[in-house]
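Just so we're aligned: 55 in the UniProt record's numbering is position 55 of the sequence shown, and the numbers increase by one with no gaps anywhere.
Every residue, glycine too, gets a C-beta built ideally from N, C-alpha and C.
Here the structure is laid out as structure tokens; the discussion comes afterwards.
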Amino acid sequence: MSATEFRHARVAMLGGTFDPVHLGHLRSAVELYEALKLDKVLMVPARVPPHREAPGVSAADRLAMLEAGIGDTSGLVADGRELLREGPSYSVDTLAQLRVELGESARLVMVVGHDAFLKLAEWHAPERLFDFAHVVVIERPGHAAELPVALRELLAGREVEDAEALFAQPAGGVLRLALPSRMAISATEVRQRLSDGQSIRYLVPERVESFIQTRNLYR
Ligand code: ATP
1 MSATEFRHAR
11 VAMLGGTFDP
21 VHLGHLRSAV
31 ELYEALKLDK
41 VLMVPARVPP
51 HREAPGVSAA
61 DRLAMLEAGI
71 GDTSGLVADG
81 RELLREGPSY
91 SVDTLAQLRV
101 ELGESARLVM
111 VVGHDAFLKL
121 AEWHAPERLF
131 DFAHVVVIER
141 PGHAAELPVA
151 LRELLAGREV
161 EDAEALFAQP
171 AGGVLRLALP
181 SRMAISATEV
191 RQRLSDGQSI
201 RYLVPERVES
211 FIQTRNLYR
């Protein structure tokens with residue numbers, strides 16, 4: 001790019017419980033970073049009520065595993081901001097905060113897997129999400145259900161075909177992406193395997209596996 005060309009910053013937020021982070025999350029984040037030519041992908045663990053946390057696994061552990069899993073991966077950042085905030089973690093609040101930090105013209109994207117996308121209309125203030133960000137949906141094996149009516153209404157007129165069309169505006173669009181390596185890994189499966197005493201090798205990064213073993217989590 002020549003010095004005279006100007007490109008708006010492109011930042012994605014991938015929220016989740018990351019309980020624990022696995023290679024499905026991380027590989028998706030890397031492929032998304034490349035496919036959309038992003039400046040960074042913020043991986044943001046949600047605060048969950050203490051009674052809903054996996055026994056013995058605190059929010060601090062989830063963040064530590066995320067940091068260990070990301071390691072030195074270019075473009076990926078573990079962002080603990082929701083853990084510092086009191087009360088429930090609403091994505092719309094996080095996006096509003098990011099919008100203030102990044103400025104009006106930055107291209108901000110909220111990334112969701114298809115399973116999370118199917119429930120989007122039930123989120124807190126779903127229409128306000130689009131005031132602050134685009135929504136990019138990642139296809140996920142085993143999650144190809146019909147879109148609920150409320151979701152279709154929410155999306156009306158927002159879907160675009162490619163990244164170029166999406167990034168013509170700072171926010172408000174929806175893009176569905178099929179990334180190259182669709183991995184059928186879930187945190188539920190990882191937790192189940194650990195509680196059954198089965199191997200999680202190659203489902204999570206080695207450093208995450210070591211962290212889990214050293215601290216005897218999810219047993
Ligand atoms: P759980 O099994 O506990 O529900 P999960 O594996 O779905 O967890 P989350 O932390 O809930 O993980 O997911 C965070 C985000 O990452 C969600 O938008 C989810 O759809 C997406 N995601 C999770 N696993 C994958 C995967 N294998 N491929 C693509 N997206 C994924």
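By the criterion of at least three beta-carbon pairs nearer than 8 Å, the segment 128 to 136 is in contact with the segment 174 to 190. Not one heavy atom of the ligand ATP sits closer than 6 Å to the Cβ of threonine 94. Relative to the ligand ATP, the beta carbon of histidine 134 is positioned no closer than 6 Å to any heavy atom. The beta-bridge partner set that DSSP reports for valine 44 consists of Gly15. Closest by C-alpha distance to arginine 47, out of Leu38, Ala29 and Leu84, is Leu84. Secondary structure note for isoleucine 138: its beta strand (DSSP E) is the uninterrupted segment 134 to 138. Excluding residues up to 5 positions away in sequence, Pro141 and Gly142 lie with their Cβ nearer than 7 Å to the Cβ of alanine 184 in the same chain. By the neighbour-count criterion, in which a residue is buried when 16 or more other Cβ atoms sit within 10 angstroms of its Cβ, tyrosine 202 is exposed. Annotated as distal: arginine 81 and phenylalanine 18, with beta-carbon spacing of 7 Å or more. Here leucine 76 has Ala29, Val41 and Ile70 as same chain residues with Cβ atoms under 6 Å from its own Cβ, once five neighbours each way along the sequence are excluded.
Bridge pairing for leucine 76: Val41 [DSSP]. Distance from the C-beta of threonine 17 to the nearest heavy atom of the ligand ATP is below 6 Å. Within the same chain, and ignoring the five residues on either side of valine 57 in sequence, the residues whose Cβ sits closer than 6 Å to its Cβ are Leu217. Threonine 214 is classed as exposed because its beta carbon has fewer than 16 other beta carbons within 10 Å across all chains shown.
Annotation for phenylalanine 167: Arg107 place their beta carbon closer than 6 Å to its own, counting only its chain and skipping 5 residues before and after. The beta strand (DSSP E) runs of length 3 or more contained entirely in the segment 150 to 191 are, from start to end of the chain, 174 to 177.
In this structure, leucine 120 places its C-beta atom within 7 Å of the C-beta atom of leucine 151. The shortest C-alpha to C-alpha distance from arginine 191 to any of Asp72, Ala145, Ala9 and His22 is the one to His22.
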